[in-house]
Amino acid sequence: MTVVRCENVSKVYGNKNGTQALTGLSVNIKENAITGVIGRNGAGKTTFLKTVAGFLRPTQGTVKVFAENPFHHIKVAENTVFIDGTMMFPPTLTLKDILQEAGRFYKNWDVQLAEKLFSYFALPCDKYHHQLSKGMKSTFHMIIGICARSPLTIFDEPTEGMDSAVRKDFYRTLLKDYLAHPRTILLSSHHLNEIEDLLEEIFIIHQGENRLHLPVDEVKNYAIGLTGEKKVIERICKNREVLYKREISHQYIYVVVKNDLSNGERVQVEGDGVKISAVSTEDVFIYLTQQKEGGIDDVLERS
Amino acid sequence: MFWREASVLDVAHKQFVYKLKAYINVFSALVGVQLLGLLFSLNPIGGSGTSSGGMSFSAQYYSGDIIVWFTLFWGFVVAVTLTQKGYRDIDFTFVSNRLSHHLSNISFLLTTSLIGGVSALCASVLLKVIIYFMNDPEVTVIKDSYALQEWILGVLVIALYLFLLTSSGYFVGMLVQLNKIFIVILPAILFGFLILELMFGGAFVSPIVQFFATETSFLLFSLKVLITSSLLFVSSVFVGRRLEVRS
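Spelled out as structure tokens, the structure:
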């Protein structure tokens, strides 16, 4: 079943000349899976997630969450929790009070887990939200996000400010709780290599569009790297989209292409003295969302 | 995981209880505002005195009106504050939609109006007590004409005025949230009308004030206030129907 269905969604902030955050984005998010929403800074991740949560109204296109238009829909609101770094809490309530209040709003709320996580991460009960450090705030928000057990759980950059130990604990907690209580989770992050093992699907947003949406295994095999003599490589790449190109020396070159070589071609390529290597998902992401060919090296060489 | 049927009223009720706990400082501000009003009320607004045959007596008039004015101002400010982005986002941290957000705000404002009404009247009693002890208690007589019925009526009238003020504040706040240009437009309109009022001798603002202030029947007064407030709240909900949150 599809939980989130976006069709040709565009979002422009402010008036018509405002910032265009989404440009005709279409995507379907599967039920009970963890999907990583990945994109460069300003790619439209947050706008996409907030539109799904019903906080923002798309300028064009249709968004359906649980088959309803999410914008201010009470059913969607009751089944969604949205966690990010800018969550607002009343300055008069202590952390303990806030957790208690959260429990009244979410029907699947797990009180015991909340308390256990709270003491594990050594959060101070009697302190106020605004007194916490950035990392502690993120940890506190994360506890709410996990314990709410909402059918649709959205984490927008949840690990901001957390140290690596806490980040690892968070991923583990999320995965374990998800396995015990499956739900649809959207997780956006800058650290693709960190969350890769957690994800079932990867959704890459680039310049407000759906650049790629595939199961993680397919992304792992999405591209291959070829290292070899320039002439040979150029022949192989003739009718292929080159995702990335880097000159190693005058003669040798490294390119990344889509992994659509047949077994026969593979043998032939290797026979020509070309080394085939795997490309990590992180690198696939970087190459797919590169503005121009070449990358930072080109800029540095010219200057 | 299961699909749940959600109800707006249910969510609004939860938010209302949340607000009573979370916005407790609204009521401590009320205490501060009323104490300030009390302080200003300690000056008599008028007096007269006579003496004959070795006896002298003086009458001094005190008024608790300033306390009520201050309370009304407080109500207006609270309502405007509730419409601001920070307070809106607090609601949308947990389960909320536009309607439940407004409904819980309106319930909260109704509650603050009642509490404001009760405490304003209590403050005016406190005023009498203070004045009694400020003067020589042995020769001071406080003329108090309040019967219980009048007390209740007094509380309700102040509460109704407060409700009227909070609904106006809420509407003004929503307009500003819709477009910041209203920060300029609304005072301009207000002062424009006041100037016209002076030029044409009470043709614009006075009728509105008189519509409420000169009403002698409590029932009609309540109806006037409740209908006006409802219209203002409905307009606020309408104005805010396209407003985005947590953006």
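Protein chains in written order, with our numbering: chain A, 19 to 321; chain B, 3 to 249. Ideal Cβ positions, reconstructed from N, Cα and C, are used throughout, including at glycine. Computed from a prediction, not measured in an experiment: that's the story for all the values here.
Spatial neighbours of residue i in its chain, beta-carbon cut-off 6 Å, leaving aside the 5 residues before and after
i         : result
PHE107(A) : ILE116, HIS147
GLY179(A) : LYS152, GLY153, SER156
GLY60(A)  : none
ARG23(A)  : ASN46, LYS82
GLY48(B)  : TYR63
LEU279(A) : none
VAL211(B) : none
GLU265(A) : ILE271
SER231(B) : PHE165, LEU166, SER169
TYR189(A) : LEU216
THR51(B)  : Reading the sequence as shown, one finds Gly at residue 51(B) and not Thr. Cβ within range, chain order: SER60.
THR77(A)  : SER28, LYS29, VAL30
SER182(A) : none
Distance CB(residue i)-CB(residue j) smaller than 8 Å
i         : j         : result
ARG258(A) : THR307(A) : no
LYS23(B)  : SER106(B) : no
GLN36(B)  : SER121(B) : yes
GLN151(B) : LEU245(B) : no
ILE220(A) : GLY62(A)  : no
ALA120(A) : ILE92(A)  : no
ASN26(A)  : GLY103(A) : no
LEU192(A) : LEU216(A) : yes
SER126(B) : ALA14(B)  : no
PHE136(A) : LYS16(B)  : no
LEU113(A) : CYS143(A) : yes
GLU218(A) : VAL234(A) : yes
THR245(A) : SER298(A) : no
VAL157(B) : LEU111(B) : no
ILE254(A) : VAL287(A) : yes
VAL275(A) : VAL260(A) : yes
ILE160(B) : GLY203(B) : no
PRO176(A) : HIS159(A) : yes
THR95(B)  : MET105(A) : yes
VAL94(A)  : GLU86(A)  : yes
Close Cβ partners of residue i (< 8 Å) along its chain, the five nearest in sequence each way excluded
i         : result
ARG243(B) : ARG100
LEU129(B) : LEU40, SER43, LEU44, TYR64, GLY66, ILE69
GLN86(B)  : GLY175, GLN179
PHE213(B) : LYS226
ILE56(A)  : LYS63, SER206, SER207, LEU210, ILE220, PHE221, ILE222, ILE223, PHE303
VAL10(B)  : ASN99, LEU101, SER102, LEU105
Bridge partner(s) assigned by DSSP for residue i
i         : result
LEU232(A) : ILE220(A)
THR37(A)  : The partner list for THR37(A) (beta bridge, DSSP) is empty, contrary to what the question assumes.
ASP102(A) : Paired residue(s): none; ASP102(A) is not in a bridge.
TYR31(A)  : DSSP, once it has assigned bridges, lists no residue as partnering TYR31(A).
GLY54(A)  : LEU205(A), ILE220(A)
GLN62(B)  : GLY49(B)
ILE47(A)  : VAL22(A)
GLU96(A)  : Per DSSP, none; premise fails for GLU96(A).
GLY243(A) : VAL274(A), SER295(A)
PHE173(A) : ILE101(A), LEU205(A)
GLN269(A) : Partner(s): none; GLN269(A) has no beta bridge.
LYS263(A) : VAL273(A)
THR112(A) : TYR146(A)
MET57(B)  : SER54(B)
GLU227(A) : HIS224(A)
Own chain partners of residue i with C-beta closer than 7 Å, once the 5 adjacent residues on each side are dropped
i         : result
ASP91(B)  : VAL247, ARG248
THR65(A)  : LYS29, ALA39, LEU40, LEU74
PHE235(B) : ILE108, SER169, TYR172
THR216(B) : none
PHE4(B)   : At PHE4(B), the pLDDT of 46 sits below 50, so the modelled position is not reliable; the number obtained from the coordinates is stated separately. Once the five neighbours on either side are set aside, PHE4(B) has no close Cβ partner at all.
LEU38(B)  : PHE72
PHE206(B) : PHE195, LEU198, GLU199
PHE29(B)  : ILE117
ASN195(A) : According to the sequence displayed, residue 195(A) carries Asp and not Asn. Once the five neighbours on either side are set aside, the close Cβ partners of ASP195(A) are ILE164.
### Task
Mind the definition here: the segment 122-132 of chain A touches the segment 165-173 of chain A only if three or more C-beta pairs lie below 8 Å; say whether that holds.
yes
### Task
For the segment 77-130 of chain B, list the alpha helix (DSSP H) runs that are entirely contained and at least 4 residues long, ordered along the chain.
87-95
### Message
Could you check whether the segment 68-77 of chain B touches the segment 296-303 of chain A, counting it as contact only if at least three pairs of C-beta atoms, one from each stretch, sit closer than 8 Å?
### Response
no
### Given 8 Å, three or more beta-carbon pairs between the segment 154-170 of chain B and the segment 211-230 of chain B
yes
### Message
Could you tell me which whole beta strand (DSSP E) segments of length 3 or greater appear in the segment 29-55 of chain B?
### Response
48-54
### Task
Assess, as a yes-or-no matter, whether the segment 171-178 of chain A is touched by the segment 202-211 of chain A under the definition of 3 or more beta carbon pairs within less than 8 Å.
yes
### Message
Any contact between the segment 50-57 of chain A and the segment 23-36 of chain A? By contact I mean 3 or more CB pairs, one from each, below 8 Å.
### Response
no
### Task
Would you check if the segment 123-139 of chain B and the segment 174-191 of chain B touch, i.e. whether three or more CB-CB distances between them fall below 8 Å?
no
### Query
At what residue ranges does the segment 279-312 of chain A contain a whole run of the beta strand (DSSP E), taking only runs of 3 or more?
293-296
#### Entry: chain C contacts from the segment 78-106 of chain B (Cβ-Cβ distance under 8 Å)
Of the protein chains in the structure, A and B, none is chain C.
### Query
In chain order, which beta strand (DSSP E) runs of at least 3 residues are fully inside the segment 114-171 of chain A?
none
### Query
What runs of the alpha helix (DSSP H), each 4 residues or longer, lie entirely inside the segment 57-85 of chain A?
63-71
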